[in-house]
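*Asks:* Before I ask anything, let me first share the structure, which is written out below as structure tokens.
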Amino acid sequence: MEIVYFLLPMAILLGLFFVGSFIWAAKKGQFDDLETPAHRMLLDDEKKNDSLT
Amino acid sequence: MAFDDIPCTHCGLDAIVPLYIKSADEKEKIPFCCHGCKTVYQLLQHRGLDQYYNLKESGTSFRKSRPVEISNDKFSYLDDENFYNDYSQLERSGMRTMEFYIEGVHCLACLWLVEKLPDLIEGVFSAKLDMGKSIARITMLPNAKFSTAAAQLNQFGYRPHPIHKDTDADELLKKEDRKMLIKIGVAAGCAGNIMLLAISLYSGVTGVMRRYFELFSLLLSFPVLFYCAIPFYQGAWSAIKQKTVSIDVPIAFALILGALSGIFHMIQGEGEIYFDTLTILVFLLLFSRYVLRKVQQTSLNSSEISNFFSTGSVHKFDNQTKVYKDIHSKYLKVEDQIKILPGEVIAADGIILEGSSTFNTSLLTGESLPIVATPGDEVFSGTVNLDKEIVVKVDAVDAQTKLGKIIKKLEQERVSKAPIVSMADYLAKFFVVIIFFLATAVFSWFVFQNQFNEGFNRALTLIIITCPCALGLATPLALTRSLGRLARNGMIIKGEDVLQRLSETDTIFLDKTGTLTHGSFQVVSWDVLAKEAELTSVIYSLEKKSSHPLALALVRYIEEQSVSDVTNLEIHEYKENLGLGVQGIINGHIYEVRTLKDEDRLIVGEVTSQLGVYKDSSLLVKILLKDRVRSDSKISLEKLRSMNLSPYILSGDHLSVVEEVAKQLGIEKTNFEAKILPEDKGNRVKDFSHCIMVGDGANDALALSSAYVGIAVQGSVEVSLRAADVYLSNPGVSGIVKLLDVSNETMKVIYRNLLFSLMYNVLGAYLAMNGVITPLWAAVLMPLSSLTVVVSTIVGTKSLREY
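From first to last, the protein sequence lines stand for chains A and B. Per my numbering, numbering through the first sequence is continuous, rising by one, with the last residue being 53. Per my numbering, numbering through the second sequence is continuous, rising by one, with the last residue being 1803.
Structure (structure tokens):
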């Protein structure tokens, strides 16, 4: 089970990576408006040109 | 007659007197509740945007819907150079961005429509809507005019108000928000991982591996204890410096003590570590505070409000170009010459140079009937010009105007409003002292008996299990939930102590015009003495040309009654007689619609406005108009009485008008006052310590600020919004009943939460002092008390669940 000694720091590093991404996203303002994207995603993209469908 | 409530095709609310138009295939009638909604519907059809209605069906409503109110604002002041540079931000490639607060956005379809702006208006690069704050960020191409975008939004029924990007304050707020969010994220990340590690520790891992896991738990707790928990240390320190105790003190204490004992045990090689509990504690508390903060941000703070609602456009005479240019009112100076068109709000105090007209002064004085003013007379900022164009020389702007002075006065009063101590802080003080005393007592007792370890353990258990995280959560959670609910219902609360204040009130002062009554005239009776063909068309044609409130009321009435057989007739020699009425020659006869001549008057008093339609000087129709009491006023007042609130009416209007309204609503002679001045309203309110003031005009502002709780209703002037603690965006008094209900119930939930956490803590303290539980158990049980509080808040009370 000694592998745990190695796995644990690796797992924590992975976790740190995600926390880092969260901090980066927050600083960029991704979390400033949480309400509108929830509504916006219900809108369909309008077909700009009908050549393919 | 069937009493089906027909929903308006556009806004979905009940159309009490529906307006119909024929559908495209002429087969059906399409109903609307009002002119505004009908106009927007036709516009959307015309522009091929009727997908709006499909989206409305499919999306959920974010806010309550309201009928459309289309204003006649022109937005050319947005293009004035000073304004353009001041209010908009330069982006890369020369584009400019301006933010607008827009009224009326409430669902997915609205979002779609607003963000479609780039496709509809040339020059708009992007339009992004923040639904929570109702703020639209519009980016225009270089040299494109914001007025076009603003005008289009207005046409759709979303009235835009430009916001000044106070970059410093805004950026600061944003940064603070983000910092808090980051702290929460870090705390969550670390706490989660520590808890995973704790699983193995609880499962009984031993030896070197145990040390290893403990070490990592410790390391992961550092970011939380040294970074995320800083707000608690700061709060505790500032409380201690002031020789008082706040809720932060026991929390900080528990954190420090828990961390130290954990480290101590690690060094010793035996004993428990508490990092999982401590970090989760920090996370929960930070999270609940953040959510509360966010909810409060959907309400408007004082400085933002002034930007949203200040009257924008002013026509200023430019001495160099010798024409009138549109500028924003904030750039106006004394001695400037301005032109004020009918229907516009006057932006500054001044003397009339040219033109005579009538003015609606109700927002400033509360009078419901317009007053006449001629060259040489003074006019005031905040009043509305009704009939004719006038030219005014400005003699006071901003803070020096009558309105401005009222604002200034209330800002001074504002500061003296005593903050009330929140329940939780009050209990916390009490609590902490007792626990500290008990912990010291237990510790000393055992040390005395030479059992240092046992003493330390019991004291530690005591402190951990009584850590008032539940106490710290009780109030914010309940408040957050209620404030959020209220915001969805169009009620905006400024400040967390407002709900508590509301539950303590015993008197309520109500303004009359606009609050208890509709604030606009409505036709009460239409007496046809001599029938004539096309008579309605005659009246309609004559009244359509005037912007006097009585004329508007007549036009509205006719439009709501019959759509098909009224036509706009040709009028010769149209004349408007100020303060009397209108007249013109139609089909060879002189028709007048004017106040009833003395000989024809009914003896009703000043309460109603009496108009007569004369053909060649003989009376054909008698029309009575009145500012009608809202249908929900009486019931609401009764409900308020049943809540032990005594209602009073304060009004700036004439005694006879107020008397009648009071009689209708069942208010005794001693409980109403008429012709009251703004300063006196304030004084009257000050006599009562626990009162609510409800109003909308500038004449209510002082009272709103002096009252224990001030409520501004829909249609309020900027001044009132600044002075009030609550803003109800739906008209009428029924909202107040709801608000009070929610406050009372919320306080119940808060007390219940506090009770739970107290019971929990008392039980825990007992067990801890008697050594029944170890610090380990304490660490596990503590989050449980928080959970109880959370569940209790979500469950709420029966009536709260209905909102």
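Note that beta-carbon positions come from the ideal geometry of N, C-alpha and C, so glycine has one too.
Please list the partners that phenylalanine 6 (chain A) has in chain B, where partner means a Cβ-to-Cβ separation under 8 Å.
*Replies:* Locating residue 6 (chain A) in the first sequence gives position 6, where the first residue counts as 1. Those within 8 Å of phenylalanine 6 (chain A) in chain B number zero; the least Cβ separation is about 11 Å.
*Asks:* For methionine 1 (chain A), count neighbouring C-beta atoms within 10 Å of its own C-beta (all shown protein chains included) and say buried if the count is 16 or more, exposed if not.
*Replies:* Residue numbering aside, residue 1 (chain A) sits at position 1 when the first sequence is read from its first letter. Label assigned to methionine 1 (chain A): exposed.
*Asks:* Residues of chain B with CB under 9 Å from leucine 43 (chain A), in chain order?
*Replies:* Here residue 43 (chain A) is taken as the residue at index 43 of the first sequence, counted from 1. Those within 9 Å of leucine 43 (chain A) in chain B are Leu1055, Gly1059, Leu1108, Leu1111, Trp1112, Glu1115.
*Asks:* Could you tell me how far apart the beta carbons of lysine 1388 (chain B) and alanine 1399 (chain B) are, in whole angstroms, since I believe they sit closer than 8 Å?
*Replies:* Within the second sequence, the letter at position 388 stands for residue 1388 (chain B). Within the second sequence, the letter at position 399 stands for residue 1399 (chain B). The pair is not a contact, with the Cβ atoms about 29 Å apart (cut-off 8 Å).
*Asks:* Once you ignore the five residues that flank valine 1397 (chain B) on each side, which residues in its own chain have a CB closer than 7 Å to its CB?
*Replies:* Taking the second sequence and counting its residues from 1, one reaches residue 1397 (chain B) at position 397. Once the five neighbours on either side are set aside, the close Cβ partners of valine 1397 (chain B) are Leu1332, Lys1333, Val1334, Ala1348.
*Asks:* Residue range of the beta strand (DSSP E) that serine 1357 (chain B) falls in?
*Replies:* Counted from its first residue, the second sequence places residue 1357 (chain B) at position 357. Looking at the DSSP string, the run of the beta strand (DSSP E) that includes serine 1357 (chain B) is 1357 to 1360.
*Asks:* Please decide whether isoleucine 23 (chain A) counts as near chain B, where near means a Cβ-Cβ distance under 9 Å.
*Replies:* Within the first sequence, numbered from 1, the residue matching residue 23 (chain A) stands at position 23. For isoleucine 23 (chain A), the answer is yes, since a Cβ of chain B falls inside 9 Å of its Cβ.
*Asks:* Say whether chain B places a C-beta atom closer than 9 Å to the C-beta of methionine 10 (chain A).
*Replies:* Against the first sequence, residue 10 (chain A) aligns to sequence position 10. Cβ-Cβ to chain B under 9 Å: no for methionine 10 (chain A).
*Asks:* For alanine 38 (chain A), count neighbouring Cβ atoms within 10 angstroms of its own Cβ and tell me buried if that reaches 16, exposed if not.
*Replies:* Within the first sequence, residue 38 (chain A) is the residue found at index 38, counting from 1. With fewer than 16 Cβ atoms within 10 Å of its Cβ, alanine 38 (chain A) is classed as exposed.
*Asks:* Who are the neighbours of methionine 1131 (chain B) on chain A, taking C-beta pairs under 7 Å?
*Replies:* Residue numbering aside, residue 1131 (chain B) sits at position 131 when the second sequence is read from its first letter. By Cβ distance, chain A contributes Glu35, Thr36, His39.
*Asks:* Using a threshold of 8 Å, is the CB atom of isoleucine 1435 (chain B) nearer than that to any non-hydrogen atom of the ligand ADP?
*Replies:* Here there are no bound small molecules, and the ligand ADP is not part of this structure.
*Asks:* Could you tell me the alpha carbon to alpha carbon distance between lysine 1512 (chain B) and glutamine 1234 (chain B), rounded to whole angstroms?
*Replies:* The sequence position of residue 1512 (chain B) within the second sequence is 512, counting from 1. The sequence position of residue 1234 (chain B) within the second sequence is 234, counting from 1. Lysine 1512 (chain B) and glutamine 1234 (chain B): Cα-Cα distance of roughly 48 Å.
*Asks:* With a threshold of 16 other CB atoms inside 10 Å of the CB of glycine 1697 (chain B), please say whether the residue is buried or exposed.
*Replies:* In the second sequence, residue 1697 (chain B) corresponds to position 697, counting from 1. Classification of glycine 1697 (chain B): buried, given that the 10 Å Cβ count is 16 or more.
*Asks:* Using a C-beta cutoff of 9 Å, does isoleucine 1182 (chain B) count as contacting chain A?
*Replies:* Against the second sequence, residue 1182 (chain B) aligns to sequence position 182. Yes, because at least one Cβ of chain A sits closer than 9 Å to the Cβ of isoleucine 1182 (chain B).
*Asks:* Opposite glutamate 1673 (chain B) in the DSSP bridges: which residues?
*Replies:* One-based indexing of the second sequence puts residue 1673 (chain B) at position 673. Its beta-bridge partners are B:Leu1650.
*Asks:* Take lysine 1330 (chain B) as the anchor and find which of B:Leu1619, B:Glu1091, B:His1315 has the nearest alpha-carbon.
*Replies:* The residue given as residue 1330 (chain B) occupies position 330 in the second sequence. The shortest Cα separation from lysine 1330 (chain B) among B:Leu1619, B:Glu1091, B:His1315 belongs to B:His1315.
*Asks:* Does the Cβ of glutamine 1610 (chain B) have 16 or more other Cβ atoms within 10 Å, making it buried, or fewer, making it exposed?
*Replies:* Position 610 of the second sequence, counting from 1, holds the residue named residue 1610 (chain B). Glutamine 1610 (chain B) comes out buried.
*Asks:* In chain order, what residues of the same chain lie with their CB nearer than 7 Å to the CB of threonine 1595 (chain B), ignoring the 5 residues before and after it?
*Replies:* Residue 1595 (chain B) sits at position 595 when you count from the first residue of the second sequence. Here the set comprises Leu1580, Gly1581, Gln1610, Leu1611.
*Asks:* For lysine 1116 (chain B), collect the residues of the same chain with a Cβ closer than 8 Å to its Cβ; drop the 5 residues on either side in sequence, then sort them by chain order.
*Replies:* Sequence index remark: in the second sequence, residue 1116 (chain B) carries index 116 (1-based). Same-chain partners within the cutoff: Leu1049, Ala1127.
*Asks:* Going by C-alpha distance, which of B:Glu1378, B:Val1391, B:Asn1385, B:Leu1386 is nearest lysine 1402 (chain B)?
*Replies:* As a working note, residue 1402 (chain B) is residue 402 in the second sequence. Taking only the C-alpha atoms, the option nearest lysine 1402 (chain B) is B:Glu1378.
*Asks:* Could you confirm whether any beta carbon from chain A is found closer than 9 Å to the beta carbon of asparagine 1489 (chain B)?
*Replies:* Locating residue 1489 (chain B) in the second sequence gives position 489, counting from the first residue. By this cut-off, asparagine 1489 (chain B) is not an interface position.
*Asks:* State the beta-bridge partners of leucine 1550 (chain B) as determined by DSSP.
*Replies:* As a working mapping, residue 1550 (chain B) is identified with position 550 in the second sequence. In the DSSP secondary-structure assignment, leucine 1550 (chain B) is not bridged to any residue.
*Asks:* Considering only their Cβ atoms, is the gap separating isoleucine 1508 (chain B) from leucine 1834 (chain B) smaller than 9 Å?
*Replies:* In the structure displayed, chain B extends from 1001 to 1803; residue 1834 (chain B) sits before or after that span and is not available.
*Asks:* Name the one or two DSSP bridge partners that phenylalanine 1521 (chain B) has.
*Replies:* Within the second sequence, the letter at position 521 stands for residue 1521 (chain B). According to DSSP, phenylalanine 1521 (chain B) bridges with B:Asp1627.
*Asks:* For my contact list, glycine 1472 (chain B) and isoleucine 1251 (chain B) are in at a C-beta cut-off of 8 Å; report their separation, rounded to the angstrom.
*Replies:* In the second sequence, residue 1472 (chain B) corresponds to position 472, counting from 1. In the second sequence, residue 1251 (chain B) corresponds to position 251, counting from 1. Correct: roughly 6 Å between the Cβ atoms.
*Asks:* Give the secondary structure of lysine 1494 (chain B) by DSSP, where H, G and I count as helix, E and B as strand, and everything else as coil.
*Replies:* For this step, residue 1494 (chain B) is matched to residue 494 along the second sequence. DSSP, read as helix, strand or coil, puts lysine 1494 (chain B) in coil.
*Asks:* Are valine 1291 (chain B) and leucine 1255 (chain B) close, meaning C-beta to C-beta below 9 Å?
*Replies:* For this step, residue 1291 (chain B) is matched to residue 291 along the second sequence. For this step, residue 1255 (chain B) is matched to residue 255 along the second sequence. The answer is no: Cβ separation not under 9 Å.
*Asks:* For histidine 1046 (chain B), count neighbouring C-beta atoms within 10 Å of its own C-beta (all shown protein chains included) and say buried if the count is 16 or more, exposed if not.
*Replies:* Numbered from its first residue, the second sequence carries residue 1046 (chain B) at position 46. Answer is exposed; the Cβ neighbour count stays below 16.
*Asks:* Would you be able to state if there are at least three C-beta pairs under 8 Å between the segment 1171 to 1180 of chain B and the segment 1336 to 1347 of chain B?
*Replies:* no
*Asks:* Threshold first: 4 residues or longer. Then list the alpha helix (DSSP H) segments lying entirely within the segment 1439 to 1466 of chain B, N to C.
*Replies:* 1452 to 1465
*Asks:* Take valine 1629 (chain B) as the anchor and find which of B:Ile1794, B:Gly1666, B:Thr1461 has the nearest alpha-carbon.
*Replies:* Numbered from its first residue, the second sequence carries residue 1629 (chain B) at position 629. The residue with the shortest Cα to Cα distance from valine 1629 (chain B) is B:Gly1666.
*Asks:* In chain A, which residues lie less than 9 Å from lysine 1174 (chain B) when you measure between Cβ atoms?
*Replies:* For the purposes of this step, residue 1174 (chain B) is taken as the residue at position 174 of the second sequence. Residues of chain A passing the Cβ test: Gly29, Asp32.
*Asks:* Considering only residues of the same chain and omitting the five flanking positions on each side of isoleucine 1586 (chain B), which have a CB-CB separation below 6 Å?
*Replies:* Against the second sequence, residue 1586 (chain B) aligns to sequence position 586. Cβ within range, chain order: Val1538, Leu1569, Ile1571.
*Asks:* List in chain order: all unbroken alpha helix (DSSP H) runs of 4+ residues lying wholly within the segment 1014 to 1071 of chain B.
*Replies:* Correct list: 1035 to 1046, 1051 to 1058.
*Asks:* Three or more C-beta pairs under 8 Å: does that hold for the segment 1769 to 1781 of chain B against the segment 1474 to 1483 of chain B?
*Replies:* no
*Asks:* Does the Cβ of lysine 1027 (chain B) have 16 or more other Cβ atoms within 10 Å, making it buried, or fewer, making it exposed?
*Replies:* In the second sequence, the residue the question calls residue 1027 (chain B) occupies position 27. By the neighbour-count rule (16 or more Cβ atoms within 10 Å), lysine 1027 (chain B) is not buried but exposed.
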